[in-house]
Amino acid sequence: MAELLLPWYRRCGRHDLPWRKTQDDYALWLAEILLQQTQVRTALPYYGRLLAHFPRWQDLASAPLDAVLAQWSGLGYYARARNAHRAAQMVVRDHGGRFPKDRASAMALPGVGRSTAAAVLASAYGQDEAILDANARRVLFRTAGLVGEPRSAANDRRLWQLAAMETPRGTAHDYNQAIQDLGAIHCRSRRPDCPGCPLRPRCRAAARPELLNRYEQTHRSDRPQRYATLLLARDAAGRVLLHRRPEHGIWGGLWSLPILDASQILTDPDQRAQALERYASACGLRLKAQSLDPVRRHLFSHFQLEYAVLHAQLRAEVVADGDSGLVCQDIGSALGLGLPSPIRRLLEQLD
DNA sequence: GAGTCGTGGTT
DNA sequence: TAACCAAGACT
939 MAELLLPWYR RCGRHDLPWR KTQDDYALWL AEILLQQTQV RTALPYYGRL
989 LAHFPRWQDL ASAPLDAVLA QWSGLGYYAR ARNAHRAAQM VVRDHGGRFP
1039 KDRASAMALP GVGRSTAAAV LASAYGQDEA ILDANARRVL FRTAGLVGEP
1089 RSAANDRRLW QLAAMETPRG TAHDYNQAIQ DLGAIHCRSR RPDCPGCPLR
1139 PRCRAAARPE LLNRYEQTHR SDRPQRYATL LLARDAAGRV LLHRRPEHGI
1189 WGGLWSLPIL DASQILTDPD QRAQALERYA SACGLRLKAQ SLDPVRRHLF
1239 SHFQLEYAVL HAQLRAEVVA DGDSGLVCQD IGSALGLGLP SPIRRLLEQL
1289 D
């Protein structure tokens, strides 16, 4: 496969991607983290922004987590940001400020699994390490003519064996990039472009089109529906009340609107007033209910949220204190925090 | 093995 | 509109 892939890669590969122009272990690691479950187009602006704010291991390691989350805001899978922050601290403290050079030490870093470790070891240090990301998985699954679920334990073992077998000595880095580009350009998940594919001569699925359609991800069970009522409280100066999410769980560590009710949309005005009263007294605030926005919808990877925003007038001064996880900030400052995407959009509309 | 964890683009 | 899913890791 390498003999077919590498000439094609030199001719048709995506050589303009910024992480292909560096040999810096930090930049290459950062790119791999950003690209986990994330399309190249989406990750690109975040890569530039994060490198500008945190150019080296030391800069990321010594930054406050809040500053890292602020730059990660909108990209999703925020555990990656927390793990990356911790990993940078481990690299500085335990590995002399260099990405570790052996697979076991690399995989001991939070957020670095086998494929990410392999990708960095190959690209930064030229090691003969095979990757198995979604692209390599799909390409190998098809060329080998496998059937069944690509993520089953049996296929997983087989695919890692194939990946190791096909990865050439000495040029693993180029080969890894090549198979990813092939997956993005020709061997796409849907509507694969076989006619122009350099692997067509040795691809079992291309020879037997009924196999092409065998590539199906594990069936995702239906997203359960959840409901919530969020609180948008503003004081006389227009500052907005924000609440820091707990470290674990959805939107972990990000700043969001306080949740007035985590299980339902409070359509009844009396219920709203009651819930607001309870919340105000629990937090030591004075709040007066105003209007309820129309219902909005947000899709997560594993559930669907329908929520409404209750506007309220905030009377008392809120002092920023870390313990309560509450702050009151003007819109401009709030937009500089680590916010989930729908909350960011909401605040931008107020501005 | 299955569930958790986001978001935006494509079809 | 709704479904699909992308340079996965962790619990």
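1289 is the number that my numbering gives the last residue of the first sequence; the numbers go up by one with no jumps.
Backbone N, C-alpha and C fix where the C-beta goes; we use that ideal spot for every residue, glycine too.
These figures come from a predicted structure and were not determined experimentally.
Q) For Trp-1193, which three-state DSSP category applies? A) Position 255 of the first sequence, counted from the first residue, corresponds to residue 1193. Three-state DSSP puts Trp-1193 in a strand.
Q | Nearest residue (CA-CA) to Ala-1022, options Gly-1034, Gln-996 and Arg-1210 | A | Mapped onto the first sequence, residue 1022 falls at position 84. Answer by Cα proximity: Gln-996.
Q | Local conformation of Gln-1065 per DSSP, three classes | A | The sequence position of residue 1065 within the first sequence is 127, counting from 1. In the three-state scheme derived from DSSP, where H, G and I count as helix and E and B as strand, Gln-1065 is classed as coil.
Q | Environment of Gly-1049 [buried if 16+ CB atoms lie within 10 Å] | A | As a working mapping, residue 1049 is identified with position 111 in the first sequence. Residue burial is scored here from C-beta neighbours: Gly-1049 has at least 16 other C-beta atoms within 10 angstroms and is therefore classed as buried.
Q: Could you check what DSSP says for Gln-1228 in three-state terms: helix, strand or coil?
A: Within the first sequence, residue 1228 is the residue found at index 290, counting from 1. In the structure shown, Gln-1228 sits in a strand (DSSP, three-state: E or B).
Q | Whole-angstrom distance between Arg-1052 and Met-1103, CA atom to CA atom | A | Taking the first residue of the first sequence as 1, we reach residue 1103 at position 165. Taking the first residue of the first sequence as 1, we reach residue 1052 at position 114. Straight through space, the alpha carbons of Arg-1052 and Met-1103 are spaced by roughly 16 angstroms.
Q) Which of helix, strand or coil does DSSP assign to Thr-1167? A) Start at 1 with the first residue of the first sequence, and residue 1167 comes out as number 229. It is a strand residue.
Q. Around the C-beta of Gly-1191, are 16 or more other C-beta atoms found within 10 angstroms, so that it is buried, or is it exposed?
A. Position 253 of the first sequence, counted from the start, is the residue given in the question as residue 1191. Counting the other Cβ atoms within 10 Å of the Cβ of Gly-1191 gives 16 or more, which makes it buried.
Q) Cys-1266 bridges to which residues according to DSSP? A) Position 328 of the first sequence holds residue 1266. In the DSSP output, where bridge partners are listed per residue, Cys-1266 has Leu-1179.
Q) When you compare only the Cα positions, how much space is there between Arg-1031 and Pro-1038? A) Here residue 1031 corresponds to residue number 93 of the first sequence, with the count starting at 1. Here residue 1038 corresponds to residue number 100 of the first sequence, with the count starting at 1. Taking the straight line joining both Cα atoms gives about 12 angstroms.
Q: Please name the residue, chosen from Asp-1173, Asn-1073 and Arg-949, that lies closest to Val-1265 on a Cα-to-Cα basis.
A: Residue numbering aside, residue 1265 sits at position 327 when the first sequence is read from its first letter. It is Asp-1173.
**Q.** Beta-carbon proximity check, Trp-1193 vs Leu-1273, cutoff 8 angstroms
**A.** In the first sequence, the residue the question calls residue 1193 occupies position 255. In the first sequence, the residue the question calls residue 1273 occupies position 335. With a cutoff of 8 angstroms on beta-carbon distance, Trp-1193 and Leu-1273 are scored as not near each other.
(Q) So, at 6 angstroms on beta carbons, what are the nonlocal neighbours of Ala-940 in its own chain, with the 5 sequence-adjacent residues on each side left out? (A) As a working note, residue 940 is residue 2 in the first sequence. Only Pro-1106 and Tyr-1113 meet the Cβ criterion.
Q: Check whether the Cβ atoms of Leu-1277 and Ser-1011 lie closer than 8 angstroms to each other.
A: Position 339 of the first sequence, counted from the start, is the residue given in the question as residue 1277. Position 73 of the first sequence, counted from the start, is the residue given in the question as residue 1011. Yes; because the gap between Cβ atoms is below 8 angstroms, this pair is in contact.
Q: Would you give the residue range spanned by the alpha helix (DSSP H) that Val-1006 belongs to?
A: Counting from 1 along the first sequence, the entry for residue 1006 is found at position 68. Looking at the DSSP string, the run of the alpha helix (DSSP H) that includes Val-1006 is 1003-1010.
Q: Give me the Cα-Cα distance between Leu-1097 and Tyr-984, rounded to the nearest whole angstrom.
A: Start at 1 with the first residue of the first sequence, and residue 1097 comes out as number 159. Start at 1 with the first residue of the first sequence, and residue 984 comes out as number 46. Approximately 31 angstroms between the Cα atoms of the pair.
(Q) Among Ala-1005, Gln-1251 and Ser-1090, whose alpha-carbon lies nearest the alpha-carbon of Gly-1176? (A) Counting from one through the first sequence, the residue named residue 1176 turns up at place 238. For Gly-1176, the nearest C-alpha among the options comes from Gln-1251.
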